[in-house]
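Chains as they are written, first to last, in the working numbering: chain A, 49 to 401; chain B, 178 to 440. Note that CB positions come from ideal geometry on N, CA and C, so glycine has one too. These numbers come from a predicted model, not from an experiment.
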């Protein structure tokens, strides 16, 4: 910093404070905009002409009358548009007119009061100077004296044993609280790793639970599937459905790209994949028949259904888990087993078996 | 009428052929009826003239892309087996004949009258079995809107929006708004799976359930939202835009007025 700019800092600082202090890393702009000071007082029209003053009085009065009318209309609406049980349209009318009335009731008071203050009440500008937060030297010295005295009398600096055991006590006392947090709520165990699918469980339509025959699934068809027997109203229905939901699609078998391991997981071009996105668990169900793309509506993750539901776009990082399926003696589609990996988004310890 | 003809030609050499034909027809329709779950039902009977007219219209309007025998070309798919419902859906909504290739065919002013559309549908239907024109009994919107609403939310809402407002898909494709769709087009779309929409055949969603879905959509079409202005039912984007730009703008304007001096 040159001598010139140091002088400038002093000049600037002396203008703003009566205290001496270091400027530290503060950036001083030499070409900063100068403080323009207070605006000159402008005389309002309402102070100059009686006509304008009377107008303002009328406007404020009108706003308060609007408020009165609004409140009266709200009262009227409450009785004129009652909520009739079973008629949703009555709720709409009741809410609308009651709300409009209350709005005008409050709005009129608020705007009227502000308009009154701005146009008719005294408009002398008042300015109050800011002061620094730093206390006076006497006050600072007195505070330090109190702290020193407390240290002396308690012996905090002198008695090392007491001080260190106090530190130890303070460090340990929150720990029991921390470990009992672990007991809040039931243990998750392996719930995230298994779904309601068992070997031989029939694939059923969501929501009516009718099982699906392989012959019912024509090429290009999409079925939204739950395990048979999982019905609404049962305990834990939604939790189980949220894990077990499956999308069933039939494509031309020649279009399927299957690994050797998974060749037996499909049935004549019928494939079943978990509907739960591996990103954050939204239901992936926007299926495009000809591109075979499955799109997640939340964050646009896109999966290629004919290529093992691999991610082709978006934030998901893992393919959708495939449910191995086959048919039973009556031609109904059944699961060969549960999914071979946890469905849905990643979680703590997911890779640990 | 057929019976009368048979009586009249009992000893004619054509009798065997006619009996054979009638037998095949009975087996064929019987098989179709038994298989109604997966294959078309209610295929209407068409006269040869109608099919001939349909073929003529097809050759002059469709064959340049779909091939002279509807076998498909590099530009357009084969229409063999797509069924009458598919032709009726595509042509009666103006999507076909397509104006230009793009991510998706747009709804345009309809190019043909009902008779011509029916003739073209009859011609395509005569090539191979496919989903037929839906039975009017399932287009009455007299089903259960609660069941329909649940089925709609499970099978359709992810693309078409729970309020039927439609929505975006990948690479310029989209699921159209259903608020102006007729019962017939909704039904035909479900059984044929036009463009990138998947198929919802009668084994998946029964005709009665399709009627329930139509009932639900008709209810939405005829009843305004009781929750106030829907803003196109497009959800958080539109609502957020209005809240951030519209309402926040109003708050800023009021704040400016509060701080301004009166003149």
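query                                                                                                                               : result
Proximal residues, the region 403-431 of chain B versus chain A, C-beta separation under 8 Å                                        : 403, 404, 405
Chain-order list of residues whose beta-carbon lies under 6 Å from that of residue 430/B (same chain, five-residue window excluded) : none
C-beta atoms of residue 350/B and residue 367/B nearer than 8 Å                                                                     : no
For residue 123/A, the nearest candidate out of 148/A, 279/A, 108/A (CA to CA)                                                      : 148/A
C-beta contact flag for residue 364/B and residue 315/B at 8 Å                                                                      : yes
Where residue 173/A falls, given that 16 or more other Cβ within 10 Å makes a residue buried                                        : exposed
Closer than 8 Å to chain B by CB, residue 93/A                                                                                      : yes
Own chain partners of residue 346/B with C-beta closer than 8 Å, once the 5 adjacent residues on each side are dropped              : 336, 352, 373
Interface partners of residue 169/B on chain A, CB under 7 Å                                                                        : Any question about residue 169/B goes unanswered here, given that chain B covers just 178 to 440.
Rounded straight-line distance, which links the Cα of residue 120/A to that of residue 334/A                                        : 51 Å
Beta carbon proximity, residue 248/B to chain A, threshold 8 Å                                                                      : no
Below-8 Å beta-carbon distance, residue 273/B vs any chain A residue                                                                : no
Closer than 8 Å to chain B by CB, residue 343/A                                                                                     : yes
Closest Cα partner of residue 404/B within the set 274/A, 140/A, 207/A                                                              : 140/A
Residues of its chain near residue 306/A, where Cβ-Cβ distance is below 7 Å and the 5 sequence neighbours each way are ignored      : 314
Helix, strand or coil at residue 423/B [DSSP, three-state]                                                                          : helix
Three-state secondary structure (DSSP) of residue 358/A                                                                             : strand
Residue 148/A: first and last residue of the uninterrupted beta strand (DSSP E) it sits in                                          : From DSSP, residue 148/A is part of no beta strand (DSSP E) but of the alpha helix (DSSP H) over 136-167.
Inter-stretch contact at 8 Å, needing at least 3 Cβ pairs: the region 221-239 of chain A / the region 350-364 of chain A            : no
Contiguous alpha helix (DSSP H) assignments of at least 4 residues, all confined to the region 363-403 of chain B                   : 384-399
Residue 238/A (DSSP reduced to helix, strand or coil)                                                                               : coil
Interface flag, residue 301/B vs chain A, CB-CB below 8 Å                                                                           : no
Residues of its chain near residue 151/A, where Cβ-Cβ distance is below 8 Å and the 5 sequence neighbours each way are ignored      : 118
DSSP-derived helix/strand/coil call for residue 373/A                                                                               : strand
Chain A residues whose Cβ lies nearer than 8 Å to that of residue 332/B                                                             : 270, 272
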